[in-house]
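Quick notes on the structure that follows.
Protein chains: 2
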Amino acid sequence: MRKFVAHRAKTLLKTTTSKSNSNYSSSSSKLARFFTSLNSPPSDTPPSMASDLSTPPVTVESLNPKVLKCEYAVRGEIVSLAQKLQQDLQANPGSHPFEEILYCNIGNPQSLGQQPITFFREVLALCDHPAILDKSETQGLFSADSIERAWQILDQIPGRATGAYSHSQGIKGLRDSIAAGIEARDGFPADPNDIFLTDGASPAVHMMMQLLIRSESDGIFCPIPQYPLYSASIALHGGTLVPYYLDEATGWGLEISELKKQLETARQKGITVRALVVINPGNPTGQVLAEENQRDIVEFCKKEGLVLLADEVYQENIYVPEKQFHSFKKVSRSMGYGDKDIPLVSFQSVSKGYYGECGKRGGYMEVTGFTPEVREQIYKVASVNLCSNISGQILASLVMSPPKVGDESYESYFSEKDGILQSLARRAKTLEDALNSLEGVTCNKAEGAMYLFPRIRLPNKAIKEAEAAKKAPDAYYATRLLNATGIVVVPGSGFGQVPGTWHFRCTILPQEEKIPAIVSRLTDFHKKFMDEFRD
Amino acid sequence: MRKFVAHRAKTLLKTTTSKSNSNYSSSSSKLARFFTSLNSPPSDTPPSMASDLSTPPVTVESLNPKVLKCEYAVRGEIVSLAQKLQQDLQANPGSHPFEEILYCNIGNPQSLGQQPITFFREVLALCDHPAILDKSETQGLFSADSIERAWQILDQIPGRATGAYSHSQGIKGLRDSIAAGIEARDGFPADPNDIFLTDGASPAVHMMMQLLIRSESDGIFCPIPQYPLYSASIALHGGTLVPYYLDEATGWGLEISELKKQLETARQKGITVRALVVINPGNPTGQVLAEENQRDIVEFCKKEGLVLLADEVYQENIYVPEKQFHSFKKVSRSMGYGDKDIPLVSFQSVSKGYYGECGKRGGYMEVTGFTPEVREQIYKVASVNLCSNISGQILASLVMSPPKVGDESYESYFSEKDGILQSLARRAKTLEDALNSLEGVTCNKAEGAMYLFPRIRLPNKAIKEAEAAKKAPDAYYATRLLNATGIVVVPGSGFGQVPGTWHFRCTILPQEEKIPAIVSRLTDFHKKFMDEFRD
């Protein structure tokens, strides 16, 4: 019966819609039609349906199937298990063979003890409570340049009202600072009107997916392995993820031949590929793209008419001297492509970098290369959520315009930043070496970002055991690791991997003094695991 | 050709999906299938398609049609015009017959000069920069109880890390405070596990729409007039807005007979109505529901198997002694309905009330009456965005647990709160009286919320003039009002109204000393407008 009703509904809705008839062209009258379309009695009236009260009004089966399809491994099953173990440990210390849970599943630096940059927090606190700005005690507590910066920021906010909704794209003055920061970084102009401030990068990604995906025939090109935000967002918006495989053998290289092959395959299947996601530096893979490779990617998008969605949230996280971050905007501009030539969206976040301010939910996207009409639609979607949080907006402007040489805070700022980045580089190297020393494990270098993504060659016996436990082999390994050591990693199957290969993602974020213990617990576990299952 | 491809795609996708074959039942392997489904070469291969490069890759026509359908009047055309006029005034002072733009289009109190509650801002600043908490100067700048409260909050956050992602539902300790606040308000138990902290109430509303709407055959019952977030969100998620009309003649009464009639009509059209939105106190209408009326609504939802979506963000904004706010949860519990009996979601925000902290993007939904399996899906959707901003989370806990009698801040807190609410009540009354004194205008009392929604009886000549200008008559009136006075109101057609009637929404938020000038400008404009068009 439900099926019949649904079909009927579609037919009826079509009739209603095509009958509707415009008197006014203003946008508000379109809306008026949208909700009065149901108001006139229908021409034919099937018998009334009372709802079936024997089941609850909402069941999993009656939810949006796109929601059911969506998955987000970074906070999935393994994290639920970790939370359970943590509760056990609190209730019964000593109930497990470890004293604490080490969350290496998520890029959440401050949860593992990383300290925020003092200057940033000073400015945020002052903007939260401007009443103290001209009190004498304040000068004893805050640096002179943080006080000055807070005044500057407040002056950019109409009425100095940090508690007001801002422009839907974010406060104009803050967008000016961000655009200036992008120009300084790239050496090419940036327009504050191209900046959309968002609550972290995730809502910006969702916004672009919402705009581009019309149906499951629309495809979004994503690297495999990928950050599961992309697969989740594509599933939620009802599109199709079109994979391109990064080449593990060449340090997670991105080959244009692979893009071509997969594009061809997708098109043969009737998929309209609309956009290409590139994550640089890579998540979960940690590679940093070479500029030449980036040029090829830009050329490919240009030629194939794809929107380039550049996830550049790890732009400050580079750990090897031979690699440098180049934004895709800089690369495309240096190739001579202007704003009209290629639609390009760059995502940035305050959650990563040396700042790691995940809880502040700040970020932005720089949107270039779209027609004014399309831009208007992007603005409309942004405006439905009113604006992103002002503290996050302020912080996004601060990370793009930190203290400069000569500012009172510069030295402490630089030493905090440098300390964090140097330490991350050391941690990455230590963990990488440790992983590479394990039997059957190989791990590419983390050139950037915050993760290692080692490949584990699991013995057949372990794979069979996993199948018996109805788990993917890497999920089985990760579960055993967690139960034995308290270390939480995410199985590679949550990110995608070449079928038949197994990986896990492990952040490089635990505090440096904890790394030796982690290495020894991991080594110990792996040795025992292999002893148990070696073929 | 595109159509053919789309059809082909659907067929092919169906084939691919039905062929896929599970080895593992773990959730991560489902994901693996999702993105490897495109990986094997197709069985038959139509010729390769190159994209058409004569048009840009993204045009309005190639965007998601749901996005195109979505409208959001509160930040629509009229606001763009206001921004343009504001720029004019800055560039050429005196270029318009007014000195400033008065934004009465949006409930954004601090943009119009409302000051934040000192205690709340003290706590936020201290949590942003905990390093100053034990400095001696801090005691000279902050109240003792704000320092104490900041410590309490920091102790509830693992590692005191306000810069870390929290649990996807929000920090547990803050949810405990909120649940305690709900219990104190309602006299019935509240469970912190039912609280989902969100970046304002809007994302929470989107989340519920995303879960409940499967297709355009799913309907969401909304009051008309309604807050356009609902129509926008339903359009974005591809559902159908099923209207029920509030009765202007009885002070925007909500009649159960109207609900029954509209439900019947919708069902006859094949719509499965899934949820009922109630906004109490009303937006844009300002009425406060009587408890008896709320009981009838609960009973109706229970009988008809509807989820009750209770927008209760104006719960602190009540201006008449004869009315009181009762949460729908309290009402349903007092009727004897427990957690298993009725699915009910209550939305709350830090943006409204006497606090008006719109820029902080804090809020929560209290989710009760769903099965554990459905709850898991809600949690999953929340987790894809990681968490809401921590300052907003802290503020949401503060508004639900403000200073108490005896706390150092209590007196200043109470006097700030009382001052704001008393002033809002006076402003509402003055504006209401002024509107009612205008020719052809009637305006119901603002018992609560932040808006007046007067009905304007426009002369036929004005309606014809509007038609000639291709505008809805109320949009025409609002545009003329803006051009003549700088006052920004939102045309009633953005909220929905009985066809043939015309209204506008005007906030009661301009500063009290500005109200007389607003009244006189509005009165003057209206008189001239009527003189120009009177039939």
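So the sequence lines, in the order shown, correspond to chains A and B. For what it's worth, the working numbering labels the leading residue of the first sequence as 41, then goes sequentially. For what it's worth, the working numbering labels the leading residue of the second sequence as 41, then goes sequentially. C-beta: ideal position from N, C-alpha, C; glycine also. On a predicted model such as this, the values are computed, not experimentally measured, just so you know.
Here the C-alpha atom of A/ALA122 lies approximately 16 Å from the C-alpha atom of A/PHE544.
Taking the C-beta atoms as reference points, B/LEU549 is found no nearer than 8 Å to B/PHE160. Taking all protein chains shown into account, B/ASP287 has fewer than 16 neighbouring C-beta atoms within 10 Å of its C-beta and is therefore exposed. The Cβ atoms of A/LEU103 and B/VAL371 do not sit closer than 8 Å to each other. From the listed residues A/ALA474, A/ALA506, A/LYS504 and A/LYS400, the smallest Cα separation to A/PRO494 is found for A/ALA474.
For the region 403-431 of chain B, the continuous beta strand (DSSP E) assignments of 3+ residues that do not extend past its boundaries occur at 403-408, in sequence order. Between the C-alpha atoms of B/ARG373 and B/VAL338 there is a straight-line separation of about 10 Å. The CB of A/ASN357 never comes closer than 9 Å to any CB in chain B; the least such distance is about 16 Å. A/MET248 places its beta carbon less than 8 Å from that of A/LEU349. Per DSSP, the continuous beta strand (DSSP E) segment holding A/VAL385 begins and ends at 384-389. Here DSSP, grouped into helix, strand and coil, assigns A/HIS543 to strand. Chain A has no Cβ within less than 8 Å of the Cβ of B/VAL445.
For A/THR470, there is no enclosing beta strand (DSSP E); the enclosing alpha helix (DSSP H) has its first and last residue at 450-476. Nearest Cα to A/PRO268 within the set A/ASP216, A/ILE319, A/ALA230 and A/LYS511: A/ILE319. For A/ALA524, the enclosing alpha helix (DSSP H) starts and ends at 513-525. Excluding its 5 nearest sequence neighbours in each direction, A/ALA241 has C-beta neighbours in its own chain below 6 Å: VAL353, PHE387, SER389 and GLY403, listed in chain order. Listed as beta-bridge partners of B/CYS341 by DSSP are no residues whatsoever. Contact note: B/LYS457 does not reach chain A at a C-beta cutoff of 9 Å; the least C-beta distance is about 15 Å. Think of a sphere of 8 Å around the beta carbon of A/TYR205: the chain B residues whose beta carbon falls inside it are ILE146, ASN148, SER151, SER391, CYS398 and GLY399, in chain order.
Contact annotation: A/LEU346 and A/PHE261 have beta-carbon atoms nearer than 8 Å.
For the region 327-358 of chain B, the set of residues with a beta-carbon nearer than 7 Å to any beta-carbon of chain A comprises GLU344, GLY345, LEU346 and VAL347, in chain order. The DSSP-derived three-state label of B/THR312 is strand.
Residues of chain B with a Cβ closer than 8 Å to the Cβ of A/GLU140 do not exist; the shortest Cβ-Cβ separation is about 11 Å. Within the same chain, VAL353 and TYR354 come within 6 Å of B/LYS392 by CB-CB distance, once the 5 residues on both sides are set aside.
If you check the CB distance, A/PHE340 and A/LEU299 come in under 8 Å. Under the 8 Å criterion on CB atoms, A/ILE172 is classed as interfacial with respect to chain B. B/GLN433 has its alpha-carbon roughly 13 Å from the corresponding atom of B/CYS398. In terms of Cβ geometry, A/ALA422 and A/SER208 form a close pair [threshold 8 Å].
Contact annotation, A/GLN302 with A/GLY536: C-beta distance approximately 13 Å; criterion of less than 8 Å not satisfied. Contact annotation: B/LYS420 and A/CYS110 have beta-carbon atoms nearer than 8 Å.
If you draw a straight line from the Cα of B/ARG561 to the Cα of A/LEU194, it is about 31 Å long. Taking the Cα positions, B/GLN179 is about 17 Å away from B/TYR450. DSSP places A/ARG254 in the coil class of the three-state scheme, outside both helix and strand. Take the alpha-carbon of A/LYS369 and the one of A/GLY322: they are about 17 Å apart. Annotation: A/LYS567 to A/ILE527 spans about 16 Å, alpha carbon to alpha carbon. Under the DSSP assignment, B/PRO556 falls in the alpha helix (DSSP H) whose first and last residues are 555-573.
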